[in-house]
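Student: Residue numbers (my numbering), protein chains in the order written: chain H, 1 to 142; chain A, 143 to 322.
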Amino acid sequence: MSGNYYFVIVGHHDNPVFEMEFASGSRSSDPKKDDHRHLNQFIAHAALDLVDEQVWMTNNMYLKIVDKFNEWFVSAFVTAGRMRLIMLHDIKNEEGIKNFFQEVYETYIKHAMNPFYEPNTRIKSAAFDRKVHYAGKKYLTG
Amino acid sequence: MSRQAVRAGDPKKVSGELFTLTYGALVAQLLKDYESDEEASKQLDKMGYNIGIRLIEDFLARSNVGRCHDFRETADVIAKVGFKMFLGIIPVVTNWSPAGDEFSLLVENNPLTDFVELPEGHSNLDYSAILCGVLRGALEMVQMEVSAWFVQDQLKGDNITEIRIKFIRRLEDAVPVGED
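And the structure:
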């Protein structure tokens with residue numbers, strides 16, 4: 001029951017705008033797992049091309065699983081403004097991930113309405129951080 | 143070509159969100175141009191003053207209120223008629239000073255600040271400073287010199303937004319220099 005998730009919002013220039021990791025069960029700094037952290041960025045980046053292809057094939061924003069790398073699945077959700085929400089996960093939690101994406105999407109919209117936030121820049125707001133963390137606890141790690 | 147959806151009711155009415163976003167863009171740009179929080183707040187106040195001196199005419203024409211007999215009546219009219227007419231909210235008038243020349247307006251959901259979060263390093267910015275300017279300008283046109291400032295601001299972490307208004311003096315209509 002290793003529910004590990006790596007979530008990243010990717011901007012228009014393939015830049016990470018926001019990143020967050022979730023893990024169910026106690027996973028206290030395993031040196032092996034720490035090693036995988038930079039791998040996550042690599043996997044997500046590699047999946048971007050597939051995401052961009054899939055975008056044109058469907059009307060939905062939620063693209064389900066678009067790629068697989070060893071034991072990691074890659075799910076994607078593309079917003080109307082072409083912001084790509086990418087989720088790396090090792091278990092198939094489709095319902096949970098879909099709900100998580102919806103909630104983060106709404107939080108992102110509210111954050112983007114802030115006149116001081118430049119779109120495509122790093123999201124530094126603590127409130128946004130908290131909301132995504134809470135959504136993750138609710139839908140992903142239970 | 144049906145345009146009913148856009149023109150429902152008064153054609154001059156604009157969506158609340160558009161208003162909020164426009165004001166937000168204005169403040170963001172001011173902050174970029176002036177860089178200092180104090181300078182940007184001052185400019186907002188000045189802009190508010192310019193709006194206020196013109197807005198008062200529109201207000202008096204549309205609301206048909208007569209002359210106010212004392213400062214308390216003025217406060218009530220500002221809160222119940224003025225704010226309602228232009229922002230759609232009714233602030234609470236409270237915290238009267240013992241001399242009756244200062245009062246506070248408590249605003250709970252300021253439409254200007256929907257979705258706004260002050261950025262890092264700019265916690266001194268009076269985001270809604272334009273309101274203070276508007277109050278100052280409008281009251282100056284009806285012969286009252288007042289000063290308005292923010293005591294509490296929800297954007298800066300307080301529970302409520304509180305604007306304090308202090309009556310300074312009554313203005314006499316000065317005869318312009320050179321005329322009899």
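In this text, a Cβ means the ideal position worked out from N, Cα and C, and glycines have one as well.
(1) Does the separation of the CB atoms of residue 220 of chain A and residue 279 of chain A fall below 8 Å?
(2) Can you tell me where the alpha helix (DSSP H) holding residue 161 of chain A begins and where it ends?
(3) Quickly, what does DSSP pair residue 308 of chain A with across the bridge? List them, please.
(4) Could you tell me which chain H residues have their CB closer than 7 Å to the CB of residue 257 of chain A, listed as they occur along the chain?
(5) Tell me the rounded alpha-carbon separation between residue 39 of chain H and residue 305 of chain A.
(6) For residue 191 of chain A versus residue 275 of chain A, is the C-beta distance shorter than 8 Å?
(7) Between which two residues does the alpha helix (DSSP H) harbouring residue 129 of chain H extend?
(8) From what residue to what residue does the beta strand (DSSP E) around residue 4 of chain H run?
(9) For residue 124 of chain H, return the contacting residues in chain A, with the cut-off set at a CB-CB distance below 8 Å.
(10) Alpha carbon to alpha carbon, how far is residue 62 of chain H from residue 80 of chain H? Give it in angstroms, no decimals.
(11) Kindly list the residues whose CB is nearer than 6 Å to the CB of residue 309 of chain A, restricted to its own chain and excluding five residues on each side of it in sequence; keep chain order.
(12) Excluding the 5 residues flanking residue 150 of chain A on each side, which residues of the same chain have their C-beta closer than 7 Å to its C-beta?
(13) With distances taken between CB atoms, is the gap from residue 55 of chain H to residue 78 of chain H smaller than 8 Å?
(14) Determine, using beta carbons only, whether residue 8 of chain H and residue 91 of chain H come nearer to each other than 8 Å.
(15) Would you identify the three-state DSSP class for residue 88 of chain H, choosing helix, strand or coil?
(16) Starting from residue 46 of chain H, follow the alpha helix (DSSP H) in both directions and report where the run begins and ends.
(17) Are residue 66 of chain H and residue 104 of chain H closer than 8 Å when you measure CB to CB?
(18) My output table needs one value for residue 260 of chain A: the three-state DSSP class, helix, strand or coil.
(19) Exposed or buried, what is residue 185 of chain A when buried is set at 16 or more other beta-carbons lying within 10 Å of its beta-carbon?
(20) Counting only beta-carbon separations shorter than 8 Å, does residue 166 of chain A have a partner in chain H?
(21) Name the residue from A:277, A:292, A:229, A:171 whose alpha carbon lies nearest to the alpha carbon of residue 198 of chain A.
(22) If we call anything under 8 Å between Cβ atoms a contact, is residue 283 of chain A one with residue 312 of chain A?
(23) Taking 8 Å as the CB-CB cut-off, is residue 80 of chain H touching chain C?
(24) Given a threshold of 16 other Cβ atoms within 10 Å of its Cβ, counted over all protein chains shown, does residue 58 of chain H qualify as buried or as exposed?
(25) Residue 134 of chain H: buried (16+ other C-beta within 10 angstroms of its C-beta) or exposed?
(26) What did DSSP end up calling residue 97 of chain H once you bin it into helix, strand or coil?
(27) Excluding the five sequence neighbours on either side, which residues of its own chain have a C-beta within less than 6 Å of the C-beta of residue 200 of chain A, listed in chain order?
(28) In angstroms, rounded to a whole number, what distance separates the CA positions of residue 225 of chain A and residue 68 of chain H?
(29) From the DSSP output, read off the bridge partner residues of residue 294 of chain A.
(30) For residue 11 of chain H versus residue 93 of chain H, is the C-beta spacing smaller than 8 Å?
(31) Opposite residue 180 of chain A in the DSSP bridges: which residues?
(32) Taking the beta carbon of residue 265 of chain A as the centre, do at least 16 other beta carbons fall within 10 Å, making it buried, or is it exposed?
(33) For the beta strand (DSSP E) that residue 63 of chain H lies in, which residues bound it at each end?
(34) Since residue 127 of chain H meets chain A, which of its residues come closer than 9 Å, beta carbon to beta carbon?
(35) Can you confirm whether residue 169 of chain A, when its beta carbon is compared against all beta carbons of chain H, has any partner nearer than 8 Å?
Tutor: Result, derived from the coordinates:
(1) Here residue 220 of chain A corresponds to residue number 78 of the second sequence, with the count starting at 1. Here residue 279 of chain A corresponds to residue number 137 of the second sequence, with the count starting at 1. No, the pair does not count as a contact, with Cβ atoms beyond the cut-off.
(2) Taking the second sequence and counting its residues from 1, one reaches residue 161 of chain A at position 19. Annotation: the continuous alpha helix (DSSP H) that includes residue 161 of chain A extends over 158-176.
(3) Working through the second sequence from its first residue, we reach residue 308 of chain A at position 166. Looking at the DSSP assignment, residue 308 of chain A forms a beta bridge with A:244, A:289.
(4) Here residue 257 of chain A refers to the residue found at position 115 when the second sequence is read from its first residue. Result: 110, 113, 114.
(5) Looking up residue 39 of chain H in the first sequence gives position 39. Looking up residue 305 of chain A in the second sequence gives position 163. Their backbone Cα atoms lie some 52 Å apart in a straight line.
(6) Sequence index remark: in the second sequence, residue 191 of chain A carries index 49 (1-based). Sequence index remark: in the second sequence, residue 275 of chain A carries index 133 (1-based). Yes; because the gap between Cβ atoms is below 8 Å, this pair is in contact.
(7) Locating residue 129 of chain H in the first sequence gives position 129, where the first residue counts as 1. Note, residue 129 of chain H: alpha helix (DSSP H), 126-136.
(8) The sequence position of residue 4 of chain H within the first sequence is 4, counting from 1. 4-10 is the extent of the beta strand (DSSP E) around residue 4 of chain H.
(9) Position 124 of the first sequence holds residue 124 of chain H. Going along chain A in sequence order, the residues near residue 124 of chain H (Cβ under 8 Å) are 262.
(10) Sequence index remark: in the first sequence, residue 80 of chain H carries index 80 (1-based). Sequence index remark: in the first sequence, residue 62 of chain H carries index 62 (1-based). Their backbone Cα atoms lie some 11 Å apart in a straight line.
(11) Locating residue 309 of chain A in the second sequence gives position 167, where the first residue counts as 1. The residues are 213, 243, 288.
(12) The sequence position of residue 150 of chain A within the second sequence is 8, counting from 1. Annotation note: pLDDT 48 at residue 150 of chain A (below 50); position unreliable, coordinate value reported separately. Nothing listed; no residue qualifies.
(13) The residue labelled residue 55 of chain H in the question sits at position 55 within the first sequence. The residue labelled residue 78 of chain H in the question sits at position 78 within the first sequence. Yes. Within cutoff.
(14) For the purposes of this step, residue 8 of chain H is taken as the residue at position 8 of the first sequence. For the purposes of this step, residue 91 of chain H is taken as the residue at position 91 of the first sequence. Cβ distance not < 8 Å, so residue 8 of chain H and residue 91 of chain H don't count as in contact.
(15) By one-based count along the first sequence, residue 88 of chain H stands at place 88. If DSSP states are grouped into helix, strand and coil, residue 88 of chain H belongs with the strands.
(16) Working through the first sequence from its first residue, we reach residue 46 of chain H at position 46. Its alpha helix (DSSP H) spans residues 37-55.
(17) Walking along the first sequence from the start, residue 66 of chain H turns up at place 66. Walking along the first sequence from the start, residue 104 of chain H turns up at place 104. No, the pair does not count as a contact, with Cβ atoms beyond the cut-off.
(18) By 1-based counting over the second sequence, the position of residue 260 of chain A is 118. It is coil, neither helix nor strand.
(19) Position 43 of the second sequence holds residue 185 of chain A. Its Cβ being crowded by 16 or more others within 10 Å, residue 185 of chain A is buried.
(20) Position 24 of the second sequence, counted from the start, is the residue given in the question as residue 166 of chain A. Output row for residue 166 of chain A: interface = yes.
(21) Numbered from its first residue, the second sequence carries residue 198 of chain A at position 56. Looking at the Cα atoms, A:277 is the closest of the given residues.
(22) The count along the second sequence starts at 1 and reaches residue 283 of chain A at position 141. The count along the second sequence starts at 1 and reaches residue 312 of chain A at position 170. No; because the gap between Cβ atoms is not below 8 Å, this pair is not in contact.
(23) Looking at the structure shown, chain C is missing, and the protein chains on hand are H and A.
(24) In the first sequence, the residue the question calls residue 58 of chain H occupies position 58. Label assigned to residue 58 of chain H: exposed.
(25) Mapped onto the first sequence, residue 134 of chain H falls at position 134. Classification for residue 134 of chain H: exposed.
(26) As a working note, residue 97 of chain H is residue 97 in the first sequence. Looking at residue 97 of chain H - three-state DSSP - the assignment turns out to be helix.
(27) For this step, residue 200 of chain A is matched to residue 58 along the second sequence. There are no such residues.
(28) The count along the second sequence starts at 1 and reaches residue 225 of chain A at position 83. The count along the first sequence starts at 1 and reaches residue 68 of chain H at position 68. Whole-angstrom Cα-Cα distance: 57 Å.
(29) Counted from its first residue, the second sequence places residue 294 of chain A at position 152. According to DSSP, residue 294 of chain A bridges with A:304.
(30) Within the first sequence, residue 11 of chain H is the residue found at index 11, counting from 1. Within the first sequence, residue 93 of chain H is the residue found at index 93, counting from 1. Contact flag unset, no.
(31) The residue labelled residue 180 of chain A in the question sits at position 38 within the second sequence. Residue 180 of chain A pairs with nothing; no bridge assigned.
(32) As a position in the second sequence, residue 265 of chain A is number 123, starting the count at 1. Flag for residue 265 of chain A reads exposed.
(33) One-based indexing of the first sequence puts residue 63 of chain H at position 63. Residue 63 of chain H -> beta strand (DSSP E) spans 62-69.
(34) Numbered from 1 along the first sequence, position 127 holds the residue referred to as residue 127 of chain H. Going along chain A in sequence order, the residues near residue 127 of chain H (Cβ under 9 Å) are 259.
(35) The residue labelled residue 169 of chain A in the question sits at position 27 within the second sequence. Judged by the 8 Å Cβ criterion, residue 169 of chain A is in contact with chain H.
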